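Numbers 1 to 510, taken from the working numbering, label the letters of the sequence shown in order.
Heads up: the structure comes next, in structure tokens.
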Amino acid sequence: MQEVSSTSRRQLLCALRNVSKRFGNIQACQGIDLELFTGEVVAVVGENGAGKSTVSKCLYGLYSPSEGHVEFDGKPVEFRGPSDGENAGIVMIPQELDLFPELSVVENIWMGLERPRRWFGAFDAGAMEKRARELLHRLGLFVDVNTPAKLLSAANGKLVEVARALNANARVIIMDEPTASLTEREVFNLFSVVRSLKRSNVAVLYITHRLDEVFEVCDRAVVLRDGRMISDRPTSDETVSGLVRKMVGRPVEQLFVRHPHEIGDVVLEVEGLGSGSAFQDVSFRLHEGEILGISGLIGAGRSEIAETLFGLRDRTAGTVRLNGEISNISSVQGAFRHGIGMVPEERRTLGLILPFSVKHNVTFSSLLKFMRSIFIDTSAEDKFAENAAKEVTIVGAGLDDPVSALSGGNQQKVVVAKALARNPKILILDEPTRGVDIGAKSEIYRIIDGLAKQGHAVLMISSELNEILAMCDRTLVMREGRLVRSFDRKDFSPDVIGSAAAGVTVDSHA
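What follows is the structure in structure tokens.
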């Protein structure tokens, strides 16, 4: 209740009043009442398709409400496009970087804004650079403002987008999954920026799938489900399990799907595996029907192990045995031939061809199945893709829709379907639920559980300790490029696994 009283003393900046939005016969959101006050951060959470994106775009001016209206400074407004929203002081920072890569930092910060000019009419480059430096320094970023944007890290690119928002005198900043591609340290720095925006009386609408972030940086949590607002409460009055129940209509414990499965013979044996300076001396065994986790902090070498086993990275030491025989996999094609599939960490750059359709992404690596002489049997391909989409429950999209138009959860399901299309004996999953909503996570857990029951061997790399604890039979712990511990399921606990990853010794039986 403390947050409510403090919010009531702030100025009401903007609001959605009974806003509904329809696209043809589809009701994207209905009867949304949402208020934003100066100097507060409001989380918007919900499954894919809950209406989060639609609500934010109605506020921003990208969509016009079918019913209801937007208020700004206490007056009804009608935004006819994003430029109207930005002119009023509302700026959206999308999930993917929205910078012009070939242009400099300073040019990106001034893009679309009125630029200072000299007395004879030319742009005042010196004034533009000075303003850009001031904004970036305010955000804790010290880079040459003439650096091309393409040379920036994802985190620094986000800060440049925030700087542009501040340069546009933003009073409301909408952040859509701002930490999806950031490291833990970069997330910490971004939180500092969000808190500084609060102190400057900027209102932040924070859309995220990461519920821990809601409690770390947000004042209120708005839950949407099926296009309707389920709750709007201070985060101090909420819990993670309570948010999950509101989002999906069932307790958090029911999201993890795990059934007993028989552990069979060893299918993969790794001895002394190494790849340059990325990791060294890694040894383990993986069995039929087993879900083997790999835990550790970012940079510990987990993804590099997966890349080496899948032929994406050179192996510089050690041996790999598949079904007891030494294997020298040096390419993705070699991994395919040996029955290994992989879901990579970066789905948009490594797992998908964004302009291609759902169907073509699913079948792309398995086209030989559909070859009839020199032609592709398109009807067989269509049927296969349709069955694959049903298996992973891709919803709200047709097989011919470009995969770029799908939600993050559905994109991830397409990557999983693509990997499963070759019926791999061994499936490597690198951060399989990163950046997807709670419901999509549950579906992916169901798929993983089903694979193990069918006797497939699963190697699952995850930064989310709760899914390692819930899904895995064993887990390996990496630290600084080395395998430091291995735990059987009966010995699982957050304390011992987390401490091993951090290099801290604890009593596992304490």
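Even for Gly, the Cβ is constructed at its ideal location relative to N, Cα and C.
Remember, it's a predicted structure, so these values are computed and weren't measured experimentally.
Hey, residue i and residue j are a contact pair by Cβ (cut 8 Å); roughly how many whole angstroms apart?
i, j, result
"residue 36", "residue 172", "6 Å"
"residue 419", "residue 427", "6 Å"
"residue 231", "residue 246", "6 Å"
"residue 255", "residue 442", "4 Å"
"residue 489", "residue 473", "5 Å"
"residue 289", "residue 269", "Not confirmed; about 16 Å, so no contact."
"residue 113", "residue 167", "6 Å"
"residue 265", "residue 272", "With 8 Å as the limit, residue 265 and residue 272 do not qualify as a contact, their Cβ atoms being about 22 Å apart."
Over the uninterrupted beta strand (DSSP E) stretch that includes residue i, give me the two end residues.
i, result
"residue 116", "Element bounds for residue 116: n/a, residue is neither H nor E."
"residue 476", "474-479"
"residue 319", "317-322"
"residue 280", "279-287"
"residue 296", "291-296"
"residue 272", "266-275"
"residue 381", "It is not in any beta strand (DSSP E) - residue 381 instead sits in the alpha helix (DSSP H) that spans 378-391."
"residue 12", "12-23"
"residue 486", "482-488"
"residue 33", "26-37"
"residue 207", "203-207"
At the level of alpha carbons, what is the spacing between residue i and residue j?
i, j, result
"residue 421", "residue 380", "13 Å"
"residue 415", "residue 355", "14 Å"
"residue 368", "residue 353", "19 Å"
"residue 225", "residue 395", "16 Å"
"residue 141", "residue 178", "17 Å"
"residue 213", "residue 373", "54 Å"
"residue 482", "residue 283", "10 Å"
"residue 275", "residue 317", "7 Å"
"residue 491", "residue 466", "14 Å"
"residue 267", "residue 350", "26 Å"
"residue 33", "residue 229", "8 Å"
"residue 46", "residue 334", "40 Å"
"residue 357", "residue 493", "42 Å"
"residue 468", "residue 55", "33 Å"
"residue 143", "residue 180", "23 Å"
"residue 388", "residue 401", "15 Å"
"residue 413", "residue 399", "13 Å"
"residue 240", "residue 85", "33 Å"
"residue 154", "residue 336", "31 Å"
"residue 82", "residue 57", "9 Å"
"residue 294", "residue 116", "53 Å"
"residue 431", "residue 126", "44 Å"
The alpha helix (DSSP H) with residue i in it runs from where to where?
i, result
"residue 192", "184-199"
"residue 499", "494-502"
"residue 152", "It is not in any alpha helix (DSSP H) - residue 152 carries neither H nor E in the DSSP assignment."
"residue 170", "Premise fails: residue 170 is in no alpha helix (DSSP H) and is neither H nor E."
Let me see if you follow: with CB-CB separation under 9 Å, is residue i close to chain D or not?
i, result
"residue 362", "Any reference to chain D falls outside this structure, which holds one protein chain only."
- Query: Taking contact to mean at least 3 C-beta pairs separated by less than 8 Å, is the segment 98-113 in contact with the segment 132-139?
  - Reply: They touch, by the three-pair rule.
- Query: Does the count of Cβ pairs from the segment 399-419 and the segment 451-461 closer than 8 Å reach three?
  - Reply: no
- Task: Can you check the segment 303-376 for any alpha helix (DSSP H) of at least 4 residues that lies completely inside it and give the ranges in chain order?
- Result: 332-337, 358-363
- Item | the segment 58-75 touching the segment 13-23, judged by at least three CB pairs closer than 8 Å | yes
- Task: Could I get the ranges of all uninterrupted beta strand (DSSP E) runs contained in the segment 59-147, with 3 residues as the minimum, in chain order?
- Result: DSSP runs (the beta strand (DSSP E)) wholly in the segment 59-147: 67-72, 75-77, 90-93.
- the segment 60-67 touching the segment 79-90, judged by at least three CB pairs closer than 8 Å: yes
- Indicate whether the contact test is met: 3 or more Cβ pairs, each with one atom in the segment 429-449 and one in the segment 475-495, closer than 8 Å. no
- Message: Does the structure place the segment 330-350 close enough to the segment 305-317 that three or more beta carbon pairs sit under 8 Å?
- Response: yes
- Three or more C-beta pairs below 8 Å linking the segment 484-504 and the segment 309-329: Verdict: no, contact absent.
- Message: Threshold first: 4 residues or longer. Then list the alpha helix (DSSP H) segments lying entirely within the segment 391-456, N to C.
- Response: Fully enclosed alpha helix (DSSP H) runs of 4 or longer: 408-420, 438-453.
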